[in-house]
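Residue numbers (this note's numbering), protein chains in the order written: chain U, 4 to 361; chain V, 526 to 729.
Structure, as C-alpha cells:
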Amino acid sequence: MNLVNNFIQFLTAYINLPSYFIFILISVIKILIVLVPLILVVAYFTYAERKVIGYIQSRIGPNRVGWLGLLQPFADFIKMILKEIIIPSNANKFLFLLAPLISLVAAFSVWAVIPLTDNFVIADIDAGLLYVLALTSFGVYGVIIAGWASNSKYAFLGAMRCAAQIVAYEIAMGFALVGVLMASGSLNLGLIIQAQEGVGVLSWFVWPLFPLFLVYFISGLAETNRAPFDVAEGESEIVAGFHVEYSGIAFGLFFLAEYANMTLIAALTALLFLGGWLSPFAQIGFFEDSFLSQPSFFWFAIKTLFFMFCFLWIRATFPRYRYDQIMKLGWKVFLPITIFWIFIEGLMFLMNIGPWSN
Amino acid sequence: MTISILFYLFSIILVLSSLGVILSRNPVYSALFLVLSFFQSAMLWMLMQAEFLSMVLVLVYVGAVMVLFLFVVMMIDIDIEVMKRSFAKYLLIGFVISLLVIFEIVNVLTLNYDSSNLSTQFDSFDKDYSNTKELGSVLYTEHVYAFELASVVLLLAIISAITLTMRKRPGLRTQTISNQVSVKSEDRIKLVDVKPSSYREEKK
C-alpha cells in the first residue's frame, strides 16, 4: 500500500495532474490490486476443488498439466476461450449473453467494500454490509435471465429452483447479519472488525453469535448453490440447471462467478465472525511482540482459506438435499433460529453480559 | 459539475427505462426495465448521500420483490394480440386516471410547494454524516408509533398471505418427519416363525 502511495506522490509532484484524474488512477490501481489476485485465487480454487475432493475420494485429481497439475486452471481457461458459444435457436440473444456478465459483475463488485487489511479497502463506505447484501441479491438475476433466455425447459426449471432458494436463504442470511451489526453497532465492515478487537480468539463474534455464525455459513452454501444445496444444477434431475445451454466462455463466466461468490462468502464469514485481519493470539502474553500477535493480511487469508476448504469438504461429504427439505430448512429452521438469537442478543445487551458490552 | 452530469445521466436513463416498462411488448422486458429504473432511482438517492435508502431500495425491490415478479411473469404465457384487442375498452378510463395523476403531480409541484426552499443543488454533508444513523434516530423517536403501526400492518399482510395458501388438498402426499423418526420396527415388519417341516408337509 505504501508503494502505491509513494507512486501517487511521485506522480503528483512531478506531473501536474487534475485531482479527479488522480482519484480515478488510485481507484483503478486499487481495483487491480484486489481483482488480479482474486481471479488467480478463483482459478486455483477450481483446481483445489478437484484436488481436495480427489484426495477425499482416494483419487489423485488433475496431475497431467504442469507440475502436480498446477497449470490445469490455465488449460481449462484456454479451452473455454477457444470453444464456440452456441446460442440456442429461438433464444433471446441479448439476454442470453447478458446473463453471465450480470453474475460475474455482481460477484466481483462486492469486493469493493471488503477490507483486506486495516488500511486497505477500495471503498470505505458507511453502509458496507447493506451494499454486500444488495449486490449478492442482485446476482440472482444472472441465473433467472439465463434460465429464461435459454429457451429450454431444464434451464428454466433450474433457474426457478435457484431463484426460490436464493430468496429464501437471503432472509435467514440478512437476519444473521442483523445480529452482527447489533453486536458491532455499525454497518461499516472495517468498524465491524474493530469491534472484535480484544483478547485474541475470545473477543471474536463467533462465540456470542455462534448460532448466527452457523446459519450464515450454511445459508452461504445455499446462496452460492453449492452442495448439499445444489439442486439448481442437480445433474441427476435437470442435467445442469440454468447453464445447461451455455458453452465456451459464456459458461466459463458463470463458473468464475460461482467460485468468486464462494470466495466472497468465505471472506465475509471470516470478516464478520472471525475478526478478519485480527490475530487469534493478540494480547495473549506468550505471543506478545511477535509477528503472530500482530493484525495482518496473513490472518485474513488463513481464515478465508479455511472456509474455502470447508466448502469443498462439505461438498465431498454430504449427499444432496431434496428440494422441499431445502425450503423447510430455510424457512422453518434457520429463520426461527436467527430471530430467537437476535432476541437473546437483545437480552444480553439489556443485562450487560457478553464480551462487547461495557 | 460532476454531480450534475451524473444526475442528468441517471435521470435520463431513469426516464427512458420507465418508458420502456410501459412500452415494451414483452412483459419480461418490462420487468427488467423496472429493475433498471429502480437502480437509477437508487443512484439518485446515492447522489443525495442517502446511502441507506438507496441500498435498501436495491435490496428490497431489486433483490426480493422484482425476483418474485419475474417469477410470475416468466411462467405465464401472455399473448400480446389478445391484450391489444381490449386496449380500446380501457382507453377512456386510462385517460381519465392519467389526467388525474398529472393534475395531482402539477398540483403538488406548483401550488403546495414552497419554491423559496428550492435549490438547484444537492445538500452536501460533512464527512462523518451518517444517513443510517440520522434515519434511525428519527424513526425510533419521533415516528415510533407510525413505525410500529407499519410493522404490524406488514405482519398482518404476511400472515394473511400465508393463510391464503394454507389449504388442505385431499390425497396430497406429504411427509411427516416426526412420524418417520418415531417409527419402530414393529410398525413396519412382522416376523413370523415359519416351521420348515410343516411347509414341506403341505407341499406333499
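Cβ coordinates follow ideal geometry from the N, Cα and C atoms, glycine included.
Contacts of residue i in chain U (Cβ-Cβ under 8 Å)
i, result
"E711 (chain V)", "The contacting residues do not exist; E711 (chain V) stays about 27 Å from chain U at best."
"M691 (chain V)", "Those do not exist, as M691 (chain V) stays about 13 Å from chain U at its closest Cβ, beyond 8 Å."
"G661 (chain V)", "Going along chain U, no residue has its Cβ under 8 Å from G661 (chain V), so there is no contact; the nearest lies around 11 Å."
"M573 (chain V)", "In chain order: nothing, as chain U lies at least about 14 Å away."
"I589 (chain V)", "Note that residue 589 (chain V) is Ala in the sequence shown here, rather than Ile. Those within 8 Å of A589 (chain V) in chain U are S140, V170, E173."
"V540 (chain V)", "Residues of chain U passing the Cβ test: none, with the nearest at roughly 21 Å."
"V677 (chain V)", "By Cβ distance, chain U contributes nothing, its closest Cβ being about 16 Å from V677 (chain V), past 8 Å."
"V669 (chain V)", "Within 8 Å Cβ-Cβ: nothing; V669 (chain V) doesn't reach chain U, min ~17 Å."
"M568 (chain V)", "Within 8 Å Cβ-Cβ: nothing; M568 (chain V) doesn't reach chain U, min ~12 Å."
Interface residues of chain U facing residue i [CB-CB closer than 7 Å]
i, result
"E504 (chain V)", "Any property of residue 504 (chain V) remains undetermined from this structure, which presents chain V solely from 526 to 729."
"G525 (chain V)", "The requested residue 525 (chain V) does not occur in the structure, where chain V is confined to residues 526 to 729."
"L584 (chain V)", "L133, L136, A137, S140"
"M580 (chain V)", "A130, L133, Y134, A137"
When the options are compared against residue i, the one with the closest alpha-carbon
i, options, result
"L259 (chain U)", "U:M351, U:L71, U:L136, U:I105", "U:I105"
"M163 (chain U)", "V:V598, V:I538, V:P552", "V:V598"
"V146 (chain U)", "U:R325, U:F257, U:K156", "U:F257"
"I603 (chain V)", "V:L634, V:I622, V:E576, V:V553", "V:V553"
"L338 (chain U)", "U:F178, U:I27, U:Q168", "U:F178"
"L217 (chain U)", "U:L353, U:V55, U:G333, U:Y50", "U:G333"
"I268 (chain U)", "U:I117, U:A46, U:I347", "U:I117"
"G161 (chain U)", "U:F232, U:N191, U:T120", "U:F232"
"I329 (chain U)", "U:L41, U:A235, U:L73, U:Y23", "U:A235"
"L28 (chain U)", "U:F48, U:I125, U:K96, U:S222", "U:I125"
"T266 (chain U)", "U:P21, U:V31, U:A51, U:F24", "U:A51"
"A171 (chain U)", "V:L557, V:M526, V:V592, V:I547", "V:V592"
"W280 (chain U)", "U:N122, U:E87, U:G69", "U:N122"
"T341 (chain U)", "U:A186, U:M176, U:P65", "U:M176"
"F321 (chain U)", "U:V183, U:E173, U:I221", "U:I221"
"Q168 (chain U)", "U:I25, U:G223, U:A109", "U:G223"
"W316 (chain U)", "U:R53, U:F300, U:L215", "U:R53"
"S190 (chain U)", "V:S555, V:V706, V:T657, V:L681", "Residue identity differs from the one stated: residue 190 (chain U) is Leu in this sequence, not Ser. The shortest C-alpha separation from L190 (chain U) is found at V:T657."
"G255 (chain U)", "U:L350, U:A102, U:K33, U:G188", "U:A102"
"L559 (chain V)", "V:V587, V:R550, V:K614", "V:V587"
"Q700 (chain V)", "U:L350, U:K331, U:I347", "U:K331"
Within chain V, partners of residue i - CB distance below 9 Å
i, result
"M163 (chain U)", "F596, M599, M600"
"I147 (chain U)", "V592, L595, F596, M599"
"L104 (chain U)", "Within chain V, no residue comes near L104 (chain U); the closest Cβ sits about 14 Å away, beyond 9 Å."
"V143 (chain U)", "G588, V592"
Proximal chain V residues relative to residue i, where beta-carbon distance stays under 7 Å
i, result
"A166 (chain U)", "V592, F596"
"L190 (chain U)", "T657"
"W151 (chain U)", "V553, M599"
Residue interval of the alpha helix (DSSP H) (run including residue i)
i, result
"Q75 (chain U)", "75-85"
"Y554 (chain V)", "552-572"
"A319 (chain U)", "300-320"
"G255 (chain U)", "251-276"
"Q328 (chain U)", "326-331"
"I29 (chain U)", "22-59"
"K96 (chain U)", "96-112"
"P339 (chain U)", "338-353"
"L71 (chain U)", "Here L71 (chain U) belongs to no alpha helix (DSSP H), and DSSP marks it neither H nor E."
"T527 (chain V)", "527-548"
"E711 (chain V)", "710-713"
"Q705 (chain V)", "702-707"
"S579 (chain V)", "576-582"
"G193 (chain U)", "192-197"
Chain B contact for residue i (CB, 8 Å cutoff)
i, result
"V108 (chain U)", "Although the question refers to chain B, the structure presented lacks it and instead comprises the protein chains U and V."
Pick out the complete beta strand (DSSP E) segments inside the segment 202-249 of chain U, 3 residues or longer, and give them in chain order. The segment 202-249 of chain U contains no whole beta strand (DSSP E) run of 3 or more residues.
Validate contact between the segment 142-160 of chain U and the segment 76-85 of chain U using beta carbons, cut 8 Å, 3 pairs: Contact between the segment 142-160 of chain U and the segment 76-85 of chain U is not established, with fewer than three Cβ pairs separated by less than 8 Å.
Considering only residues of the segment 599-687 of chain V, which uninterrupted alpha helix (DSSP H) runs meet the minimum length of 4 residues and lie entirely inside it, listed in chain order? Entirely contained in the segment 599-687 of chain V, the alpha helix (DSSP H) runs reaching 4 residues are, in chain order, 605-610, 616-631, 656-664.
Does the segment 200-212 of chain U come into contact with the segment 536-555 of chain V, if we say contact requires no fewer than three beta-carbon pairs (one atom in each stretch) closer than 8 Å? Judged by Cβ distances under 8 Å, the segment 200-212 of chain U makes no contact with the segment 536-555 of chain V, as fewer than three pairs qualify.
Cβ contact check for the segment 199-208 of chain U and the segment 245-255 of chain U: 3 or more pairs under 8 Å: Segments in contact, no.
The segment 305-319 of chain U touching the segment 270-289 of chain U, judged by at least three CB pairs closer than 8 Å: Yes: the two stretches touch, three or more of their Cβ pairs being nearer than 8 Å.
Using a Cβ distance threshold of 8 Å, determine whether the segment 106-116 of chain U contacts the segment 30-45 of chain U, with at least three qualifying pairs required. A contact exists between the segment 106-116 of chain U and the segment 30-45 of chain U.
Runs of alpha helix (DSSP H) wholly within the segment 131-187 of chain U (minimum 4 residues, chain order): Taken in chain order, the unbroken stretches of alpha helix (DSSP H) that lie wholly in the segment 131-187 of chain U and span 4 residues or more are 131-141, 143-152, 156-187.
Validate contact between the segment 576-592 of chain V and the segment 654-669 of chain V using beta carbons, cut 8 Å, 3 pairs: The segment 576-592 of chain V vs the segment 654-669 of chain V: in contact.
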